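Residue numbers (the numbering used here): 16 to 337.
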């Protein structure tokens, strides 16, 4: 087991913030400045630039000059090797106790760094956290999709319902899954259980890694902070081909997440739901003449998913020893 409840001492903690950059987002400047909206400011700002923009550093220069001198700027240009690689690289340069991973299209909530430090100081058994995210819009199909996925602990994202909860919520809720854009980790944990750059994940890397950490530690060691809401400014892409590529990529990544489950029944049920959702999307976008045939595919895929003979769907990754 890589850690115990008494692994982390009650000491004064500091933090670094990393921004993996893949494009020159119009929200990037606001994302960076959101790190300085509290009494605690980061010891380091780490930029992993994998964008193709030749003048990105110049674009950021004026903003970086306004950052307090006590914050060290680390700017690394890298070939496009993926988000997991960028996060793994950032941990090598981090000299703080806590590392927070921001995104170029997400603005962190006010005083978020204060809340992060308070959380880790008061909860010595916790090694990772993230906050809720307010999406710019949530359509009816997306709402129906989330309702369907509620029956799968693997696929369901609780942040949507938590963000819209009308009653008073606890300040933090244990969750075996963390989500990107606002995730924060004890650097000691990421040194013992590092990100795996060879896993080409982009949309689910935080979900995968937090599940790996929780299994490795053997007790619930990550939480969602419900009193902080980040703002996500999605950059819409109307190119249907690229949208379909995106959906296929997310589908494939969630298949990997499903294989991680130690519960074969839960894995099979999640695979069924994911297959039905993916095939339903294909049917909705298909020509009218092919819809009946594709509908039959959905039905037979659902039946096949429940057959016990397919061991590949119920396999899982064993907890690793460190």
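Every residue gets a Cβ at the ideal spot worked out from N, C-alpha and C, and that includes glycine.
From a predicted model like this one, the values you see are computed outputs, not experimental measurements.
By the Cβ-count criterion, residue 141 is buried, with 16 or more other Cβ atoms from all chains shown falling within 10 Å of its own Cβ. In this structure, the CA atom of residue 174 is about 23 Å from the CA atom of residue 45.
Take residue 111, set aside five residues on each side of it, and the residues of its chain with a beta-carbon closer than 7 Å to its own are 29, 30, 31, 58, 59, 202, in chain order.
Rounded to whole angstroms, the separation of the alpha carbons of residue 214 and residue 129 is 32 Å.
Residue range 143-149 is occupied by the beta strand (DSSP E) that includes residue 143.
Selection 131, 231, 115, 194 evaluated against residue 186 yields 131 as nearest (Cα-Cα). Per DSSP, reduced to three states, the secondary structure at residue 209 is coil, with no helix or strand assignment. By alpha-carbon distance to residue 123, the top candidate from 50, 240, 134, 93 is 50.
Note on geometry: alpha-carbon atoms of residue 67 and residue 37 lie some 8 Å from one another. For the set 121, 279, 42, 35, the Cα lying nearest the Cα of residue 96 is the one of 35. Taking the Cα of residue 41 as reference, the smallest distance to any Cα among 271, 144, 118 is reached at 118. Rounded to whole angstroms, the gap between the alpha carbons of residue 167 and residue 209 is 27 Å. Taking the Cβ atoms as the reference, residue 144 lies roughly 22 Å from residue 86, outside the contact range of under 8 Å.
Residue burial is scored here from C-beta neighbours: residue 293 has at least 16 other C-beta atoms within 10 angstroms and is therefore classed as buried.
Only exposed fits residue 280, as fewer than 16 other CB atoms lie within 10 angstroms of its CB. For residue 198, the CB contacts under 7 Å within the same chain, skipping 5 residues up- and downstream, are 116, 143, 145, 221 in chain order.
Boundaries of the alpha helix (DSSP H) harbouring residue 222: 220-232, taken from the DSSP string. With fewer than 16 other Cβ atoms from the protein chains shown falling within 10 Å of its own Cβ, residue 76 counts as exposed. Look at residue 194 here: in three-state DSSP terms it is coil, with no helix or strand label.
Less than 8 Å separates the beta-carbon of residue 264 from that of residue 218. Counting along the chain, residue 244 sits inside the beta strand (DSSP E) bounded by residues 237-247.
For residue 121, the closest alpha carbon among the candidates 245, 205, 56, 133 is that of 245. For residue 90, the enclosing beta strand (DSSP E) has its first and last residue at 87-92. Counting along the chain, no alpha helix (DSSP H) covers residue 65, and no H or E run does either. Secondary structure note for residue 31: its beta strand (DSSP E) is the uninterrupted segment 30-36. Under the three-state reduction of DSSP, residue 95 is assigned to coil, being neither helix nor strand.
When DSSP states are grouped into helix, strand and coil, residue 275 belongs to the coil group. Rounded to whole angstroms, the separation of the alpha carbons of residue 98 and residue 91 is 14 Å.
Bridge pairing for residue 187: 240 [DSSP].
By the C-beta density criterion, residue 78 is exposed, having fewer than 16 other C-beta atoms within 10 angstroms. DSSP places residue 170 in the coil class of the three-state scheme, outside both helix and strand.
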